[in-house]
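Heads up, the thing below is written out as structure tokens.
Encoded structure:
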């Protein structure tokens with residue numbers, strides 16, 4: 010529930026269009042609703058500007074469905090990450106306008122569709138193998154109302170591919186740069202372009218990449234200023250933070 014919605018309810022009570030009981034019904038689950046297995050944070054959108062996001066990994070299918078149903082009662086946008094197709098099918102039976110992104114494994118329920126008129130987030134991935142993490146960041150940023158552009162497979166093994174997208178990069182307010190292997194792409198991009206960069210290390214790579222530890226350390230040790238780093242494979246965190254910067 011957003012601040013604007015609370016104000017509308019209060020204004021409705023003041024004008025007499027909404028009676029007190031109806032206002033209480035609309036507000037009674039603020040700040041959270043206890044389902045036993047989860048405490049659904051209905052107050053999140055009011056505090057943070059975006060509803061609680063469901064992290065599906067480790068949850069049972071019926072738990073994901075129930076949380077999504079409760080969130081959908083009070084929010085126009087619902088997002089679930091690390092979701093399986095089986096979970097999506099179950100959610101779709103209850104919430105008909107649910108959509109599933111197979112690349113990012115995300116469930117999206119978006120009745121808002123409002124996109125910011127100004128500002129753009131650009132997401133670049135070093136390789137095609139990094140697309141799932143990059144796409145998670147893109148879905149999150151789009152769900153939060155941002156215009157998002159993607160350029161995938163532009164890693165340092167062929168730097169001319171990145172430089173061929175100079176105008177797109179220059180037009181963006183903030184960049185999310187996703188890379189596994191050596192993880193050097195964010196530093197390279199930061200050295201060329203004067204944009205805030207959110208670096209996302211992925212677990213893609215051979216043995217000595219240590220499931221993302223190697224690119225994580227490379228990004229944390231970037232000598233080019235203007236780079237911040239999120240956790241390994243954390244496309245969600247990158248997309249969320251980029252949205253905060255863009256707004």
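Residue numbers (our numbering): 10 to 256.
Even for Gly, the Cβ is constructed at its ideal location relative to N, Cα and C.
Source: prediction; values computed, not measured.
What does DSSP give as the partner residue(s) for residue 119 in the beta ladder? As a working mapping, residue 119 is identified with position 110 in the chain shown. Answer is 86, bridged to residue 119.
Near the ligand NAP: residue 201 beta-carbon under 7 Å from a heavy atom: Absent from the structure shown: the ligand NAP. Ligands present: none.
Under 8 Å: do the region 145 to 154 and the region 100 to 117 share three or more Cβ pairs, one atom per stretch? The region 145 to 154 is in contact with the region 100 to 117.
Which two residues bound the contiguous alpha helix (DSSP H) that contains residue 66? Locating residue 66 in the chain shown gives position 57, counting from the first residue. Per DSSP, residue 66 belongs to no alpha helix (DSSP H) and is neither H nor E.
Just reading off the beta strand (DSSP E) that residue 152 is part of, what are its end residues? Counting from one through the chain shown, the residue named residue 152 turns up at place 143. Looking at the DSSP string, residue 152 is not in any beta strand (DSSP E); the run it does join, the alpha helix (DSSP H), is 140 to 152.
Return the chain-ordered list of same chain residues with a C-beta closer than 6 Å to the C-beta of residue 62, the five sequence neighbours on each side being excluded. The residue you call residue 62 lines up with position 53 of the chain shown. Hits under 6 Å: 88.
Sequence-distant residues of the same chain with beta carbon closer than 7 Å to residue 195, five excluded per side: Counting from one through the chain shown, the residue named residue 195 turns up at place 186. Taking residue 195 as the centre and dropping the five residues before and after it, the same chain places the C-beta of 186, 188, 206, 208, 228, 231 and 236 closer than 7 Å to its C-beta, in chain order.
Provide the residue(s) that pair with residue 41 in DSSP beta bridges, ordered along the chain. One-based indexing of the chain shown puts residue 41 at position 32. Beta-bridge analysis with DSSP links residue 41 to 50.
Among 180, 106, 96 and 24, which one has its Cα closest to the Cα of residue 255? If you number the chain shown from 1, residue 255 lands on position 246. Out of 180, 106, 96 and 24, 180 has the C-alpha closest to the C-alpha of residue 255.
Please report the residue range of the alpha helix (DSSP H) in which residue 170 lies. Translated into the one-based positions of the chain shown, residue 170 becomes position 161. Unbroken alpha helix (DSSP H) run through residue 170: 168 to 172.
Identity of the residues DSSP links to residue 158 by a beta bridge: Along the chain shown, one-based indexing puts residue 158 at 149. 131, per the DSSP bridge assignment.
Let me know if residue 83 comes out buried or exposed under the rule of 16 or more other beta-carbons within 10 Å of its beta-carbon. Here residue 83 is taken as the residue at index 74 of the chain shown, counted from 1. Buried, since its Cβ has 16 or more Cβ neighbours within 10 Å.
C-alpha gap between residue 202 and residue 252, whole angstroms: The count along the chain shown starts at 1 and reaches residue 202 at position 193. The count along the chain shown starts at 1 and reaches residue 252 at position 243. C-alpha separation (whole angstroms): 19 Å.
Checking 8 Å against the spacing of the C-beta atoms, do residue 174 and residue 130 come in under that value? As a position in the chain shown, residue 174 is number 165, starting the count at 1. As a position in the chain shown, residue 130 is number 121, starting the count at 1. Contact: no.
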